[in-house]
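Asks:
Numbering (this note's numbering), first residue to last: 97 to 246.
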């Protein structure tokens, strides 16, 4: 395993899941209670939007990581989460289906306590990302398209 791959694996956020939110399976990023509280305190009671970027990183060997960057329009809040798409593909499948994700804390009861729900403004981008992820998870044959000399 390369050093770079190991660094990526070490940086992966481990609070990735899905849960039933108002009758619909929804992707969820669980963040530490203190950080969750700080975000809520900065945005609560204000209208806000969230710019959501999905930066897809792949190595051609079937390893795909997605850096999700959430930038809130208020409170000077920006968060990054690195997700291993190989182990958390379901998260992205559900994201493409719902076009929304939820931030929650480990202390909350899923679907019962307040959560920070983020609606993606362009659902087609989640579908496009899922296709790129699925393609990237297929290891490329070293000989595909290669020119060999005799």
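Even glycine gets a Cβ: it sits at the ideal position worked out from N, Cα and C.
CA-CA distance, residue 181 and residue 102?
Replies: In the chain shown, the residue the question calls residue 181 occupies position 85. In the chain shown, the residue the question calls residue 102 occupies position 6. Spanning the two alpha carbons is a distance of roughly 15 angstroms.
Asks: If we count the other Cβ atoms within 10 Å of its Cβ and call it buried at 16 or more, is residue 158 buried or exposed?
Replies: Sequence index remark: in the chain shown, residue 158 carries index 62 (1-based). Classification of residue 158: exposed, given that the 10 Å Cβ count is below 16.
Asks: Going by the beta-carbon positions, is the gap between residue 191 and residue 199 smaller than 9 angstroms?
Replies: In the chain shown, counting from the first residue as 1, residue 191 sits at position 95. In the chain shown, counting from the first residue as 1, residue 199 sits at position 103. No, these two residues do not count as a Cβ contact at 9 angstroms.
Asks: Pick out whichever of 123, 235 and 164 has its Cα sitting closest to the Cα of residue 177.
Replies: Numbered from 1 along the chain shown, position 81 holds the residue referred to as residue 177. The option with the nearest alpha carbon to residue 177 is 164.
Asks: Curious, which full-length alpha helix (DSSP H) runs of at least 4 residues does the segment 101-169 contain?
Replies: Counting only runs of 4 or more, we get 129-139.
Asks: Identify whether residue 233 lies in helix, strand or coil by the three-state DSSP scheme.
Replies: The residue you call residue 233 lines up with position 137 of the chain shown. Reduced to three states, the DSSP call for residue 233 is coil.
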